[in-house]
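So for the sequence shown, full-length UniProt numbering puts the first residue at 1; every next one is plus one.
Where a beta carbon is used, it is the ideal one built from N, C-alpha and C, also for glycine.
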Amino acid sequence: MMAMSASAEGKLVGYTCMDGTNPFFVALQGAIQEVVEENGDELVAMDPANDSNKQVDQIEDLISRGIEMMFVNPVDADGIIPGLDMLKDADIPMFGFDTEVGDMSYLVSYAGSDNYNAGYVCGEDLAKKVPDGGDILVLDSPTMQSVTDRTNGFLDAIKESGVEFNVVGQQDAQGNQQVANEKATDLLTANPDVVAIFGGNDPTALGAYAAADAAGVTPLIYGVDGSPDVKALLKDTMLEGTGAQSPITIGKTIAETAYKWLDGEEVEEYIPIETFLVTADNVDDYGTDGWQ
């Protein structure tokens, strides 16, 4: 495919992510938008609100509006494929971020957190802090590859630690704070003595935190994101840690990569972005008033 040169009035560039209200994606979209506008182009962003069919319809709409490039993050790794087929047929280059699509060959390039490690550092920390082990809950989201990778990392870390943890409940919280609150409320009613809860992202951890608070129990709660909301609670609450990622770095990296490619440069197909644990001990290094 030929790289396109910017016309005088700039190009329309498409953007879709699984949930536009998630503060992580708000920060990420802002970083992409900045690079797009620096290049004299306009970002047209769509929010499918975690609805895979709606995401495909919105991609079709973006194509009809004349976008010339697409940034894509799937609600469902396989569910988005019909949308990617339409983009491919329209000869529109695709750049992925944060969550992999079911078939990565559609994408020119992808930038995302080392999600496995983001879960792994949480599991490592838990094993250190609770050396006697115990029952734990896991709130995952099987349709989101990023959350699945984090959950696998977390579970592998506790297994490798040799500490005896027993997962007494594992449910799909859909990466959503409200759903996580409902699921955690039910799970804690059945299992009030759990020593820890792992949430696949920070909204999930916050939902679990509210449920535990209401139930009057204090398990150690871990999330993944490094969101300002969770960082602000690490010092004084049962929120124990977050496997932090940098949405600003992800957005900036994939957008700059896209423009390099448009300029005819060779680009990496897969760009991992570092993840790290934030706890009460080091949260001051990152601040609580924004994303890293």
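- Just so you know, the alpha carbons of P82 and N176 end up roughly 25 Å apart.
- In this structure, DSSP gives N166 an extended state, which the three-state scheme calls strand.
- Around the beta carbon of S141, 16 or more other beta carbons sit within 10 angstroms, so the residue counts as buried.
- Annotation: K252 to A77 spans about 22 Å, alpha carbon to alpha carbon.
- The beta carbon of T288 is closer than 6 Å to those of P228, K231 and A232 in its chain, skipping five residues each way along the sequence.
- Judged by DSSP secondary structure, Y110 falls within the beta strand (DSSP E) whose first and last residues are S109 to S113.
- A Cβ-Cβ contact shorter than 8 Å links F95 with V108.
- For the options G30, A49 and S64, the alpha carbon positioned closest to that of L12 is the one of S64.
- Taken through DSSP and simplified to helix, strand or coil, A27 comes out as helix.
- Secondary structure at V138: strand, using DSSP grouped into helix, strand and coil.
- By the criterion of a C-beta distance shorter than 6 Å, N22 is surrounded by no residue of its chain, once the five residues flanking it on both sides are discounted.
- Between F97 and Y110, the gap from beta carbon to beta carbon is short of 8 Å.
- In the three-state reduction of the DSSP assignment, E266 falls in the coil class, being assigned neither a helical nor a strand state.
- Here the segment 113-127 lies against the segment 152-164, with 3 or more beta-carbon pairs under 8 Å apart.
- Within the model, the alpha-carbon separation for V121 versus E268 is close to 26 Å.
- For A244, the three-state secondary structure derived from DSSP is strand.
- In the three-state scheme derived from DSSP, where H, G and I count as helix and E and B as strand, L187 is classed as helix.
- Straight through space, the alpha carbons of E9 and G223 are spaced by roughly 43 Å.
- Under the three-state reduction of DSSP output, A232 falls in the helix class.
- Minimum Cα-Cα distance from E274 among the listed residues L62, M18 and T249 corresponds to T249.
- Only exposed fits P131, as fewer than 16 other CB atoms lie within 10 angstroms of its CB.
- For G20, the three-state secondary structure derived from DSSP is coil.
- Ranked by Cα distance from L28, the first of T151, E60, E68 and Y15 is Y15.
- Residue environment for M104: exposed (fewer than 16 other C-beta atoms within 10 angstroms of its C-beta).
- In the three-state reduction of the DSSP assignment, T275 falls in the coil class.
- With a cut-off of 8 Å on Cβ pairs, the segment 276-283 is in contact with the segment 237-245, counting three or more such pairs.
- Around the CB of K235, fewer than 16 other CB atoms lie within 10 Å, so the residue is classed as exposed.
- DSSP, reduced to helix, strand and coil, places A180 within a helical segment of the structure shown.
- T204 and A212 do not touch by the CB rule: their CB atoms are close to 13 Å apart, not below 8 Å.
- Distance check between A184 and each of A215, G162 and N166 places A215 closest, using alpha-carbon atoms only.
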